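As structure tokens, the structure follows; a few thoughts come after it.
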């Protein structure tokens, strides 16, 4: 029963003690009319002001919040009129309850306004009021608001320990894909993370929560800043695990090493760390899925290390792979890269059998998954399903991204095709003729001409790398002169980016250095007899002049005072006038390329210089030797199978 009614402050007198927004909210509630859309922003301003306060231990003063200053009958009339049609009004009375914890009179008044027929005379404790607000939010489907109320409650009560189980449950209610609310859910996740970080408390995520937030963030294409903030937060998030504390700490150190080596494009370092830790977890699924993904991704990015992916897959059960939205797209790419039709069929069958309904929904909204599926379908000439996948991606963003167009270009620039063996099942890879590959190159150029610059620019390095590779290969040379095409591409890029600020020019530098060294070897082989040309590379004598020039260009171009030179280094008559764009991002690929050339040409002075420089960049001599061994063994296998040489990941430069 409510027989005591405190003095009701007017909006004018209330404004002198509170914010202008609070006075406006008080006036709206006192009017007891329906809440207009134009007034909702005022409530958010008011909440922003109130959320900065802490709840004093002795309780609130009656005039601290709007609910403490409005007549009970007016409050009840306004709440009853609006609570079923406006989430803002529901957010109002729930927040007012939290603001007035410690003031049972105002709390009872608010509860009476919400539930007129219930007995509200029994006083509620602080925790009971808080949980009432949470449960009331869940009952009305205001899950995002429940998470917001959690943050508000604990921010206003800094001495109270955080409830980790409740936070985890509330987070689970908002980690589902809803395009209308995704950006809000991500913002609330960041606020929750900030709260836990400020309290120096860990909020462990379940694997599904981690995957869900990752997928939602990746789909946030129109808010790149929010997307980046969330993904950066996920990098340091802790995922629930059954591992002991000591193992978790050691894995944390190993993960930092792997992330660093991935960042500087050092797969040998990743392998050396992985070899140390891969047996620490039995089964392997106990390991942080981010570690497994990072290692698998880095191995799959290089022809040399790709066979190590199979060892990882062999230790992962199908149910784990098929319900891992982080790893699954990379597995699809791996299957496409290895042209394993048998593995493709097995994976599709396992996905139909093991993938849960929740994960299926996540995958259907995950752009990385759809892109990888599109790549695998195109690779195996499954055009009917690839068209369906393409339509789905276009439904999401209106068009294909640069990444998807690169998949199409990669498919056009393959050196082999598939021939039906006549049984309707098996397909065998057969080499494409020079004419077919030349035709595909021209088709790629036409396709890229139709795209806006921001989509075509990241793809041109792949085209240039492939053209230069084919031009220095006796078995893969085209029946056309590639240099007019190269000049055409570089002219376009120079016109669109005359200051050469884009990443394209970073990718161009290692491609040019590679072509220098390959051209010298190619010319030396051409000058040999046909018999010598068919023998192993080491039997062909090269002076290594290209290595001297490559070293000179690297040192010269590293100078911060040195401006980028002519846009087409292949067209410069005097090579001493060439200036390349050398940055921390591309210095390792350049140095490794020079080092491998030095080993082939037996120029150990250049090789030792590369080792010394790489060591300064964070790559040890042991890692370089291990990398060389991996590449040498891979080249031997390829030579025996008459397949292409590894391009040190230049065939697939990173997306910009």
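Residue numbers (full-length UniProt numbering): 1 to 656.
Note that beta-carbon positions come from the ideal geometry of N, C-alpha and C, so glycine has one too.
Since this is a predicted model, take the numbers as computed values, not measurements.
- prompt: From the DSSP output, which residues share a beta bridge with residue 239?
  reply: 205, per the DSSP bridge assignment.
- prompt: Nearest-angstrom Cα distance between residue 393 and residue 443?
  reply: Approximately 23 Å between the Cα atoms of the pair.
- request: Could you have a look at residue 589 and say whether DSSP puts it in helix, strand or coil?
  value: Note: residue 589 maps to helix in three-state DSSP.
field: Own chain partners of residue 94 with C-beta closer than 8 Å, once the 5 adjacent residues on each side are dropped
entry: Cβ neighbours of residue 94 beyond the five flanking positions: 133, 136, 137, 145, 149.
- request: Would you grab the beta carbon distance between residue 68 and residue 42 for me? Rounded to a whole angstrom, and I think it's under 8 Å.
  value: Not confirmed; about 18 Å, so no contact.
message: Under 8 Å: do the region 244–259 and the region 209–219 share three or more Cβ pairs, one atom per stretch?
response: Segment contact: the region 244–259 against the region 209–219, fewer than three CB-CB distances shorter than 8 Å; contact not assigned.
Buried or exposed (CB count within 10 angstroms, at least 16 for buried), residue 302: Buried is the label assigned to residue 302, since at least 16 other Cβ atoms lie within 10 Å of its Cβ.
Those runs of the beta strand (DSSP E) which lie wholly inside the region 134–185 and span at least 3 residues: Runs of the beta strand (DSSP E) lying entirely within the region 134–185, each at least 3 residues long, are absent.
task: Please classify residue 317: does DSSP put it in a helix, a strand, or coil?
output: DSSP places residue 317 in coil when its eight states are reduced to three.
field: 7 Å Cβ shell around residue 738 - same chain, five flanking residues per side excluded
entry: There is no way to answer for residue 738, as the model of the chain reaches only from 1 to 656.
- request: Work out the CA separation of residue 590 and residue 544 for me, nearest whole Å.
  value: Pairing residue 544 with residue 590, the inter-Cα distance amounts to about 16 Å.
message: If you reduce the DSSP assignment to three classes, tell me which class residue 662 lands in.
response: Residue 662 is absent from the model: the chain starts at 1 and stops at 656.
field: Test item: CB-CB of residue 673 and residue 324 under 7 Å
entry: An answer regarding residue 673 cannot be provided, because it is not within the stretch 1 to 656 covered by the chain.
- prompt: So, using beta-carbon positions, are residue 623 and residue 269 closer together than 7 Å?
  reply: Against a cut-off of 7 Å, the Cβ pair of residue 269 and residue 623 comes out as a contact.
Backbone CA spacing between residue 124 and residue 161 [nearest angstrom]: For the pair residue 124 and residue 161, the Cα-to-Cα distance works out to about 20 Å.
- request: Please report how far the alpha carbon of residue 34 lies from the alpha carbon of residue 104, in whole angstroms.
  value: When rounded, the distance between both Cα atoms is 27 Å.
query: Between residue 284 and residue 238, what straight-line distance do the alpha-carbon atoms span, to the nearest angstrom?
result: Whole-angstrom Cα-Cα distance: 17 Å.
- prompt: Counting Cβ pairs closer than 8 Å, one from the region 345–360 and one from the region 377–392, do we hit at least three?
  reply: No: fewer than three Cβ pairs fall under 8 Å.
task: Measure the C-alpha to C-alpha separation of residue 155 and residue 51 and round it to an integer number of angstroms.
output: Answer to the nearest angstrom: the Cα atoms are 8 Å apart.
- prompt: How about residue 96 and residue 32: are their beta carbons less than 7 Å apart?
  reply: Cβ distance not < 7 Å, so residue 96 and residue 32 don't count as in contact.
For residue 499, the nearest candidate out of 449, 566, 107 (CA to CA): Residue 566 is the option with its Cα nearest to residue 499.
- request: Pick out whichever of 320, 328, 349, 307 has its Cα sitting closest to the Cα of residue 339.
  value: It is 307.
message: If you measure between the beta carbons of residue 326 and residue 293, is that distance less than 7 Å?
response: For residue 326 and residue 293, yes; Cβs fall inside 7 Å.
query: Do you know offhand how far residue 594's Cα is from residue 629's?
result: Using only the alpha carbons, I get a separation of about 16 Å.
- request: Less than 8 Å between the CB atoms is what I'm expecting for residue 241 and residue 257, so what's the real figure, rounded?
  value: In this structure residue 241 is not in contact with residue 257, their Cβ atoms being roughly 19 Å apart against a cut-off of 8 Å.
query: Which of the three DSSP states, helix, strand or coil, is assigned to residue 380?
result: Three-state DSSP puts residue 380 in coil, outside helix and strand.
message: Less than 7 Å between the beta carbons of residue 506 and residue 585, yes or no?
response: Going by C-beta atoms, residue 506 is nearer than 7 Å to residue 585.
- prompt: Are three or more beta carbon pairs between the region 192–204 and the region 370–385 nearer than 8 Å?
  reply: No contact exists between the region 192–204 and the region 370–385.
- prompt: Do residue 354 and residue 318 have their C-beta atoms closer together than 7 Å?
  reply: Yes, the Cβ-Cβ distance between residue 354 and residue 318 is below 7 Å.
query: In or out: residue 287 buried (at least 16 other Cβ within 10 Å) or exposed?
result: Buried, because 16 or more other Cβ atoms sit within 10 Å of the Cβ of residue 287.
field: Spatial distance of residue 360 from residue 514 (CA atoms)
entry: So the two alpha carbons sit approximately 43 Å from each other.
message: Let me make sure I understand the geometry here. Which of 362, 632, 580, 548 has the alpha-carbon closest to that of residue 604?
response: Of the listed residues, the one whose Cα sits closest to residue 604 is 548.
query: Quick one, are the C-beta atoms of residue 557 and residue 580 less than 7 Å apart?
result: Less than 7 Å separates the beta-carbon of residue 557 from that of residue 580.
- request: Look at the alpha carbon of residue 39 and the alpha carbon of residue 511, and state the distance between them as a whole number of angstroms.
  value: So the two alpha carbons sit approximately 59 Å from each other.
Alpha-carbon to alpha-carbon, residue 466 and residue 372: As the crow flies, the alpha-carbon of residue 372 is around 21 Å from that of residue 466.
- prompt: CA-CA distance, residue 128 and residue 157?
  reply: Going from the Cα of residue 128 to the Cα of residue 157 covers about 15 Å.
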